[in-house]
Amino acid sequence: MRVVYVSHVAKFVLVGLSFVMLIVLTAKTVSSRLNSQKKLVEETSSWVFKSLDGGIELLPVQQVKYVDVNLLAYRSFDESKSPFILPPDKDMTGTVYTKHKPAGSTRYISIGYFDPNKELSFLQKTYFDECEYSKCKMTNDVESADAVIFLVARLTRVGVPTFRRKPGQIWIMKTDEAPSRFTWFESLNRTGLKEHFNWTLTHKLDSDIPFVYGRLIRQNLTEPKDYDKIYQGKNRTAAWFVSHCKVRSDRMIYVERMQSRTDVDIFGLCGPYTCGMAEKVPGVQTMRKQADQLQCFPLLSQSYKFYLAFENSLCQEYISEKFFKLFNNVDVVPVVRGGADYKRYFPSDMYVDAADFSTPEALADYLDDLGNDKERYISYLKNKDRYRSVLEFPDWQCRLCEKLHTDHSIHTYSNVYEWWVKDSCHDPVDSQQMFW
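Quick note: the sequence shown uses the working numbering, first residue 719, plus one each step.
Structure follows, in C-alpha cells:
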C-alpha cells in the first residue's frame, strides 16, 4: 500500500509540474505575440485572476491604472460576417442598387406614413428610383396603402390609429433611436398597438429590416500620409462634441471622472468649448450641426489624439453615426463607449473601447500612455485608415421595397414592445462613484 501511495503522489507531482510548464509556455507565447503592447498597473503585492472571453486577466486587488485590451482579451473578428463592413469589392461608384433591376411586375406598391397631424410631408419625397426593386411609391392615403410606417417616437403625440385597416396591409414599426429613449412607448404597451405590427425597421440586427447608421469599406490611400507630422501637431488628448448632457448612459459623469486624470475638452451645449458656427443654443439645428462638423473635424485632426464617440444609451447593436463619421479622413483615434460588442464587428486595432477598463480613470490613464507612445499611436491611425465610412447608404428604403415585392409571408408580433425593450439595454456601472 505504501508503494502505491508513493506512486500516486509521484503522478500528482508530475501532473502538477506539467500544468505549471504549460502555463509558463502559454504565457511566453502570449508575451511573444503581443510584445508591442503595454500594460501598466498600480504597484501592489496582491493579485487576483479574472476570467475573460478568450483569456485570463491578471488584476491587482487595488485599482488598475490602465489595461490594454489587445493584451488582455481577444475576441474573434470575421470581417466577412460583420453587418457594419461592406465587402471590399463592393461597387460604390454610384448607388449600389442600380444594377439588375428585376423585370416583369409593373404593379407599384404604395407606402404611407401614419401622420394624422400632417407633419411628415417631407418624408413623402422618399425615392426608390435608384433601388433594384424600384416600383414603390409614397402615398398620403394610409387606408389604401399596401404598407404603413409608424414612427415610434411620434406615437404618443399622434395617438393610436383610428383609420380602417384594409386586409393584408402591413404595419411597420420604425425608429432610428435606442430602446432606452422610449419612455413614452411604455404607455403604448397598454393600448393593444403592440400586437398589430408585422415588420420592424430598427437598429437591432434581428429586425425584419435592420437599419444601420453607417458602414465601413476597405480603401487604399491614393496619397501617402505624413503620420509623423500629424502626430507632432497634436497637443491635446481628447475632445468630445455633445449636445445632450443628461442621458441614460451617464456619459457626462463618466467624462468628468476622466477629466480628473487627463485633458478632455467638451464642445457644445454641455461644455465650455465651441468651434466653427457652434453656439450654446438649446434644440436641434441640423444645418448648424452639419456646419460645425465641417469646421470642427479639421480641429480634431490637427490638435487632438482621441475623440470620444460615447453613445447616449448602452444598448445592444446600437452604434450611431458618431463612430462612423470619424472614418471620413479625420486623423483621430475613436474612443467608443456603448452597448454594442465592437470587437465582434470591427478590428480592435483602430479604436479604444471603454468597456475594457474598470473605471473612467483607468481609461484616461491608458489614453495618456497610448498618446505619448508615438509608434503605437500612429499604428492606430494607420489601421483606421484602412477603412472609410459610407453614411449615405440607400439601404432601408431599398430593402423595404424589395421585401414588399418578394416576401409574401406576413407575421404579426404578439408583443413588439417586449421584443424591442427586453434585454436590449443596460444601465451603466462604470460611471458610478466608487468609495474605498
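Even for Gly, the Cβ is constructed at its ideal location relative to N, Cα and C.
query: Segment limits, alpha helix (DSSP H) that includes residue 1080; result: 1078-1090
query: Residue range of the beta strand (DSSP E) that includes residue 934; result: 933-936
query: Euclidean distance between Cα positions of residue 1086 and residue 956; result: 10 angstroms
query: Reduced DSSP category for residue 799 - H, G, I as helix; E, B as strand; rest coil; result: helix
query: Segment limits, alpha helix (DSSP H) that includes residue 1117; result: 1114-1124
query: Integer-rounded CB distance, given that residue 1073 should sit under 8 angstroms from residue 979; result: With a Cβ gap of about 18 angstroms, residue 979 and residue 1073 do not count as contacting.
query: Per DSSP, cross-strand counterpart(s) of residue 919; result: 892
query: CB contact flag (residue 1033, residue 925, <7 angstroms); result: no
query: Which of helix, strand or coil DSSP assigns to residue 1095; result: helix
query: Residue 855 - containing alpha helix (DSSP H), residue span; result: Per DSSP, residue 855 belongs to no alpha helix (DSSP H); it is in the beta strand (DSSP E), 854-857.
query: Cβ distance (whole Å) where residue 1122 is taken to contact residue 827 below 8 angstroms; result: 5 angstroms
query: In DSSP terms, what residue 982 is bridged to; result: 956
query: Beta-carbon spacing of residue 1146, residue 967 below 7 angstroms; result: yes
query: Residue environment, residue 1050, which counts as buried when at least 16 other CB atoms sit within 10 Å; result: buried
query: DSSP-derived helix/strand/coil call for residue 1036; result: coil
query: CB of residue 1131 within 7 angstroms of CB of residue 915, strictly; result: yes
query: Three or more C-beta pairs below 8 angstroms linking the region 985-993 and the region 1053-1065; result: no
query: Bounding residues of the alpha helix (DSSP H) (the contiguous stretch that carries residue 1171); result: There is simply no residue 1171 to check, as the chain begins at 719 and stops at 1154 in what is shown.
query: Euclidean distance between Cα positions of residue 863 and residue 943; result: 53 angstroms
query: Beta-carbon spacing of residue 1018, residue 982 below 7 angstroms; result: no
query: Contacting residues, own chain, Cβ-Cβ under 8 angstroms from residue 894 (five flanking each side not counted); result: 920, 921, 929, 931
query: Any C-beta of chain C under 7 angstroms from that of residue 1099; result: The structure shown has no chain C; it contains just one protein chain.
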